[in-house]
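The structure appears right after this line, and notes come after that.
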Amino acid sequence: MSMNDAELQSALRTVKDPDLGKDLVTLGMVRGATMEGQRAVIDIELTTPACPMKDAIRSDIERAIAERARSIGSIAPSVEVRFTAQVRSAARSSQGGGNPLPQVKHVIAVGAGKGGVGKSTISVNLAVGLARMGASVGLLDGDIYGPSAPTMLGLDDLQGAVRGEFLVPFAVHGIEAITIGKLVDPDKALIWRGPMAHGAFKQLALQTEWGALDYLIVDLPPGTGDVPLTLAQLLPLTGAVVVCTPQRVAQDDARRAVRMFQQLHIPVLGVVENMSAFTDDDGTVHDLFGRGGAEVMASTMGLPFLGALPIHVELRRNCDAGTPLKNWSGTPALAAALDGICQRVASQVSIESHGHGLMQPTLSVKD
Ligand code: ADP
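The numbering of the sequence shown is my numbering, which starts it at 1118 and goes up by one.
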């Protein structure tokens, strides 16, 4: 007997997505599986363009097809695996009911127990990094008390635009972005009473003309104030990322942020350790704030660890200059650290949505 399309399907039923723990056929990830002469052509649709598991999935598919061929006494065909990606949205609604942003597949909050730990840095680079990998991404600078996006995205010379009742987001560095920092006098202290903070955030989130987005990253104000509560009531959140530095005091604050998200029934996607170490020009590593503390905290709280971002002068420079894409064209270790964080966040989003009934695309597999 020789390999045919049905045998390929059987082989693919034995290959599991490493993150989602189910087989590729059940997950609806097989978009095509056909024999073309002596060649098996397999089209796999990943749940995110930031999938870190491509190579593992490819070799598992090759192995499964070879095994299937052997079991039916056929010669193993050569295998070509082609990848596409389609971020799937989970059918969710906000805690207030409904979903005012149906064109956005995943809203991801980025929070921290206190200011200055790099929450905005992570938000900006997560947004830009996911977009570099092929996702459509928006950034909502929801840190209404201290917006960083104007500087970090270099928006100073850009003019905001309004269409009807909607703010037009800035199209910069491959993402869409909006920030209160472009709507108010940048030198005035942003003092908001509770209801005003609620109103300002609500307006930014809902009265922005967001396009069709795979991920909307929301940079929250530090601490455990009103805005996260507003966010949870307004938008269906896939989850929150908590940023923390390695010191003990930062972990205590981060733990409080984690508990806040949990109390608001927002799934915590995991913890990022920022400023974890510094490597000087001689290659000597200095643990200025310690190292590994956030990973330990994540594991004791039963949360995924999403990666560590060391202190890089280049990163700080690019943040200040509003040139985030340069983080990928300088030191390879910096680009790799950022990519790793983006991939782990995207994986956790897929895992989290899968648990909540990831919407299945229709299958178009010929048998
Ligand atoms: P937060 O949003 O938590 O208040 P920011 O993201 O604004 O913190 O970061 C505070 C400052 O620290 C910024 O100037 C930023 O450029 C810098 N910074 C953050 N993370 C790093 C890092 N890993 N390496 C170097 N500088 C960093």
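Beta carbons are placed, not taken as given, at the ideal position from N, Cα and C, and that holds for glycine.
- Counting the other CB atoms within 10 Å of its CB gives Gln1220 a total below 16, which places it among the exposed residues.
- One Cα belongs to Gln1460, the other to Ile1261, and the distance between them is close to 28 angstroms.
- Put simply, of Ser1119, Gly1145, Asp1134, Ala1128 the residue whose alpha carbon is nearest the alpha carbon of Gln1155 is Ser1119.
- Of the residues assessed, Ile1192 falls on the exposed side of the cut-off, its CB having fewer than 16 other CB atoms within 10 angstroms.
- In this structure the region 1347 to 1360 does not lie against the region 1272 to 1284, because fewer than three pairs of beta carbons, one per stretch, are closer than 8 angstroms.
- Judged by DSSP in its simplified three-state form, Arg1310 adopts coil rather than helix or strand.
- For Ile1458 and Thr1151, the gap between their C-alpha atoms comes out near 35 angstroms.
- DSSP places Asp1397 in the coil class of the three-state scheme, outside both helix and strand.
- Under the DSSP assignment, Ala1415 falls in the alpha helix (DSSP H) whose first and last residues are 1410 to 1417.
- Segment contact: the region 1409 to 1418 against the region 1213 to 1233, fewer than three CB-CB distances shorter than 8 angstroms; contact not assigned.
- Ranked by how close their Cα comes to the Cα of Gln1320, the residues Phe1287, Asp1343, Phe1283 have Phe1283 in first place.
- The closest CA to that of Ser1467, considering only Leu1163, Ile1159, Lys1133, is found on Leu1163.
- Spatial neighbours of Ala1371 in its own chain (CB-CB distance under 6 angstroms, excluding positions within 5 residues in sequence) are listed in chain order as Gly1230, Val1359, Cys1361.
- The bridge partners DSSP lists for Thr1151 are Val1158.
- In this structure the region 1391 to 1399 touches the region 1416 to 1435; the number of beta carbon pairs closer than 8 angstroms is three or more.
- For Ile1182 against Leu1125, the beta-carbon gap comes to about 7 angstroms, under 8 angstroms, which counts as contact.
- According to the DSSP secondary-structure assignment, Cys1436 is paired through a beta bridge with no residue.
- Residues of the same chain with a CB within less than 6 angstroms of the CB of Trp1445, apart from the 5 flanking positions on each side, are Ala1452 in chain order.
- A straight-line Cα-Cα distance of about 7 angstroms links Pro1166 and Gln1203.
- Taking Glu1293 as reference, the option from Pro1384, Arg1185, Val1335 with the minimal CA-CA separation is Val1335.
- Secondary-structure assignment with DSSP links Asp1258 through a beta bridge to Thr1296, Asp1336.
- For the 8 angstroms CB-CB criterion, His1315 and Leu1442 do not form a contact.
- Relative to ligand 1, Asn1444 has its C-beta separated by 7 angstroms or more from all heavy atoms.
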